Amino acid sequence: MPTAILTGQPVPGSSIESELRSLGFDVHLASGAADTETLLARAPGEERVAVVDARFVGHPHALRLGLTDPRFPLAAIPGAVTAQPAARQALTRAMARENSAGGGTAHGGAPARAKPSVGDVDSLADRITAALDADGADVHRPELGRLVAAVPADPQARNEARQAVAAVDDEAVRLKSAVKARDGFVTTFLISPYSRYIARWCARRGLTPNQVTTASLITALIAAGCAATGTRAGFVAAGVLLIASFVLDCTDGQLARYSLQYSTLGAWLDATFDRAKEYAYYAGLALGAARGGDDVWALALGAMVLQTCRHVVDFSFNEANHDATANTSPTAALSDKLDSVGWTVWVRRMIVLPIGERWAMIAVLTALTTPRITFYALLIGCAFSATYTTAGRVLRSLTRRATRTDRAATALADLADSGPLAEAAARGLRGSARRLPAITAPAVALLGGAAVVATAALTDFGGPWPLVAALVYLLTSALAVARPLKGALDWLVPPFFRAAEYLTVLVLAAKADVNGALPAAFGLVSAVAYHHYDTVYRIRGDAGAPPQWLVRTVGGHEGRTLVICALAVLLTASQFKLALTVLAVAVALVVLVESIRFWVAAHKVGAPAVHDEGEPA
22 MPTAILTGQP VPGSSIESEL RSLGFDVHLA SGAADTETLL ARAPGEERVA
72 VVDARFVGHP HALRLGLTDP RFPLAAIPGA VTAQPAARQA LTRAMARENS
122 AGGGTAHGGA PARAKPSVGD VDSLADRITA ALDADGADVH RPELGRLVAA
172 VPADPQARNE ARQAVAAVDD EAVRLKSAVK ARDGFVTTFL ISPYSRYIAR
222 WCARRGLTPN QVTTASLITA LIAAGCAATG TRAGFVAAGV LLIASFVLDC
272 TDGQLARYSL QYSTLGAWLD ATFDRAKEYA YYAGLALGAA RGGDDVWALA
322 LGAMVLQTCR HVVDFSFNEA NHDATANTSP TAALSDKLDS VGWTVWVRRM
372 IVLPIGERWA MIAVLTALTT PRITFYALLI GCAFSATYTT AGRVLRSLTR
422 RATRTDRAAT ALADLADSGP LAEAAARGLR GSARRLPAIT APAVALLGGA
472 AVVATAALTD FGGPWPLVAA LVYLLTSALA VARPLKGALD WLVPPFFRAA
522 EYLTVLVLAA KADVNGALPA AFGLVSAVAY HHYDTVYRIR GDAGAPPQWL
572 VRTVGGHEGR TLVICALAVL LTASQFKLAL TVLAVAVALV VLVESIRFWV
622 AAHKVGAPAV HDEGEPA
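Residues 22 to 638 (my numbering) make up the sequence shown, in order.
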């Protein structure tokens with residue numbers, strides 16, 4: 022149980038002790054700074070500890086934000102400071118220095134001040150926070166907004182603080198802050214107005230965000246099963262359940278913010294299940310269409326490829342500019358100006374087709390039309406939004422004078438997912454690559470990928486040319502990563518690699534023209550895409566890229582492309598379908614087992630809690 026140490030002069034009628042207990046703290050009273058240091062040393066080392074001024078006046082949610090958020094090792098609000106186990110040493114040092122610095126005591130053991138200023142409040146918790154700041158510690162201070170957190174200096178100030186507390190509805194602020202500050206139109210106006218109350222209902226019944234996330238996944242899988250029936254009733258039920266799944270998807274994040282239940286495992290589950298739900302639903306639609314005699318597996322796979330490539334564009338651009346210096350451009354300034362005009366904000370958020378708009382469109386079209394029409398609309402909408410966002414980011418990259426760091430180059434190299442073949446060839450090309458212009462990396466990645474996809478599409482299945490093109494792709498991929506990816510447009514390299522690999526699988530499966538080849542290709546791309554998303558989530562959580570043995574085992578993007586092309590040359594169409602199925606199962610088993618092992622282990626050892634306020638389009 023976390024420990025809270027109350028310091029300073031107790032105030033009759035104060036509710037601070039009961040409020041701390043309601044937040045789960047074991048409360049101890051300290052008579053002075055020396056007693057506080059003693060109690061701090063006795064507190065369990067594996068638990069959070071907080072030092073709180075007994076005169077504190079404020080909203081319970083202000084205390085909750087300041088003292089219970091698991092994402093920050095050190096945090097403080099006026100009159101209170103807290104440390105998680107990882108930061109206990111820093112807090113202990115600051116406390117010891119404050120205790121030894123006092124020649125006398127004031128207000129229950131704090132060092133006396135010779136000439137206090139008007140309204141000055143002698144708070145040990147605040148002085149500890151100041152000492153932590155002086156040590157260079159990273160102390161998180163939550164944005165409290167209208168919430169009150171204060172240590173009043175006298176009875177009049179205390180009365181005014183209590184009136185300020187009474188004037189603001191703590192629960193209303195807490196509910197409002199449970200909703201993302203920046204979200205899509207559908208989510209903001211059609212889902213969040215009531216999903217926040219579902220989140221509160223869940224919190225009051227002890228449900229966790231991970232349980233709600235799992236419920237959302239199960240609901241989406243049932244929706245996919247309904248779509249797979251191929252009946253109108255099934256399609257209608259699928260559309261309704263998909264919306265229900267999205268409501269739960271919003272609820273889990275709102276529950277995490279409402280109750281501050283953030284975790285590394287929860288962030289991974291939320292992000293991973295979003296992709297699993299959407300792509301499982303695509304498969305359900307394709308199965309339902311097949312029952313009606315319409316083969317739309319190519320459209321389903323195309324939608325998944327396009328959607329995944331859109332996300333890789335987002336991830337790569339963000340990582341490339343994560344800590345870039347001089348990170349400004351006229352395009353970014355124009356974007357900020359447009360965001361200052363109300364209606365343009367919502368138009369720009371809608372045209373990128375974020376998850377709320379996308380799922381609403383899919384659900385409505387599923388219920389009212391056919392799977393083929395649903396996929397056509399999805400492909401057109403995603404293609405338009407992908408063009409819009411990618412063009413804007415290219416313009417920003419070309420017009421900004423940014424210096425990208427080694428961290429950004431490492432992240433892009435990890436996102437590239439180069440295997441042993443590309444790495445070996447890159448070492449031999451490193452000297453030549455340094456003499457080439459900056460545009461070389463994205464240019465050769467694009468040309469090599471286009472060559473292998475076009476060759477697979479324009480030649481007969483079983484011919485040798487796709488294999489030749491795959492060898493060329495291997496060399497161009499190696500040249501693209503032969504030097505650090507620090508160029509203005511080098512963030513395009515991972516998306517080009519993703520598109521080349523996924524589209525090659527799609528085209529060759531379609532060219533095989535045998536029943537079951539495209540579903541097998543869908544499974545293989547799903548497994549590989551999971552590996553690529555997992556790489557992103559590890560980088561976002563500062564956990565590093567997947568281990569090299571895993572990348573080598575699954576071959577890297579160039580190795581898998583080469584193998585797929587070789588199989589298309591050496592095998593018959595039926596054998597090729599079987600090979601795709603075997604590869605899909607093998608890749609899925611390897612990446613899933615390692616990924617689950619990693620994230621569960623990270624959760625058990627207490628990896629830093631993560632919550633992503635962003636939302637992939």
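The beta-carbon is built from N, C-alpha and C at its ideal position, and this holds for glycine as well. Here the structure is a predicted model, which means the values were calculated and not measured.
Quick test of your reading: residue i and residue j, contact by CB under 8 Å. State the CB separation rounded to the nearest angstrom.
i      : j      : result
ASP47  : THR24  : 5 Å
ALA62  : VAL70  : Incorrect: roughly 10 Å between the Cβ atoms, too far for contact.
PRO516 : CYS330 : 5 Å
PHE338 : ARG414 : 5 Å
VAL169 : ALA182 : 6 Å
LEU495 : ALA589 : That pair is no contact at about 16 Å.
VAL546 : VAL526 : 6 Å
Check each candidate in the options and name the one with the smallest Cα separation from residue i.
i      : options                        : result
ALA324 : ALA384, VAL373, LEU389, LEU399 : LEU399
ARG221 : VAL72, LEU281, ARG203          : LEU281
SER144 : ALA158, GLU119, PRO163         : GLU119
LEU242 : ALA301, TYR283, THR293         : ALA301
ALA594 : VAL535, VAL584, THR497         : VAL535
MET433 : GLY246, ARG393, THR556         : For the sequence presented, residue 433 should be read as Leu rather than Met. Comparing Cα positions, the closest option is THR556.
THR640 : GLU164, GLY260, VAL546         : Outside the shown range of the chain, which is 22 to 638, sits residue 640, and nothing can be said about it.
GLU522 : ARG109, ALA477, ARG42, PRO176  : ALA477
ALA388 : ARG253, CYS403, TRP380, GLY452 : ARG253
LEU492 : TYR558, ILE585, ILE401         : ILE585
ALA446 : ASP563, VAL546, ALA503, LEU308 : ALA503
HIS72  : HIS49, ARG92, ALA407           : Per the sequence presented here, residue 72 reads as Val, with His not at that position. Comparing Cα-Cα distances from VAL72 to each of HIS49, ARG92, ALA407, the minimum goes to HIS49.
GLY484 : GLY309, LEU591, VAL621         : LEU591
ALA639 : GLY166, ASP56, ASN342, SER237  : In the structure displayed, the chain extends from 22 to 638; residue 639 sits before or after that span and is not available.
THR410 : THR395, ALA423, ILE372         : ILE372
GLY562 : ALA630, ARG296, THR602, LEU196 : ALA630
VAL608 : VAL621, PHE206, HIS578, ALA622 : HIS578
ILE149 : ALA122, LEU386, ALA174         : ALA122
Count the other CB atoms within 10 Å of the CB of residue i; is the residue buried (16 or more) or exposed (fewer)?
i      : result
MET368 : The identity of residue 368 in the sequence shown is Val, whereas the question assumes Met. That one is exposed.
THR285 : buried
GLU192 : exposed
THR103 : buried
THR272 : buried
VAL575 : buried
MET22  : exposed
LYS625 : exposed
GLU340 : buried
LEU610 : exposed
SER418 : buried
Can you tell me where the beta strand (DSSP E) holding residue i begins and where it ends?
i      : result
THR390 : Looking at the DSSP string, THR390 is not in any beta strand (DSSP E), and its letter there is neither H nor E.
VAL102 : 101-104
ASP47  : 47-50
TRP27  : Reading off the sequence shown, one finds Leu at residue 27, where the question assumed Trp. Run containing LEU27: 24-28, per the beta strand (DSSP E) assignment.
ILE98  : 95-98
Could you please give the first and the last residue of the uninterrupted alpha helix (DSSP H) stretch that includes residue i?
i      : result
HIS553 : 538-561
VAL70  : Element bounds for VAL70: not the alpha helix (DSSP H) but the beta strand (DSSP E), 70-74.
THR272 : 253-280
THR89  : Per DSSP, THR89 belongs to no alpha helix (DSSP H) and is neither H nor E.
LEU327 : 318-341
PHE518 : 514-533
TYR218 : 213-225
ARG114 : 109-122
GLY34  : Per DSSP, GLY34 belongs to no alpha helix (DSSP H) and is neither H nor E.
ILE149 : 145-155
ASP295 : 285-312
VAL160 : No alpha helix (DSSP H) contains VAL160, which DSSP labels as neither H nor E.
Does any CB atom of chain C fall closer than 8 Å to the CB of residue i?
i      : result
PRO568 : No chain C is present in this structure, which holds just one protein chain.
If I measure Cβ to Cβ from residue i and keep anything under 8 Å in the same chain, skipping five residues before and after, which residues do I get?
i      : result
PRO33  : none
ILE212 : PHE267, VAL268, CYS271, GLY377
LEU262 : THR240, ALA241, ILE243, ALA244, CYS247
SER36  : none
ALA407 : LEU327, CYS330, ARG331, VAL334
Under 6 Å Cβ to Cβ from residue i, same chain only, skipping five residues before and after it: list those, please.
i      : result
ALA550 : THR329
PRO230 : ASP273, LEU276, ALA277, GLN282, GLY287
LEU320 : PHE396
LYS507 : ARG425, ALA430
Excluding the 5 residues flanking residue i on each side, which residues of the same chain have their C-beta closer than 7 Å to its C-beta?
i      : result
SER216 : VAL268, CYS271, THR272, GLN275
PRO99  : ASP147, ALA170, ALA171, VAL172
ARG42  : VAL48
LYS598 : ALA533, VAL535, GLY537, ALA538, ALA541
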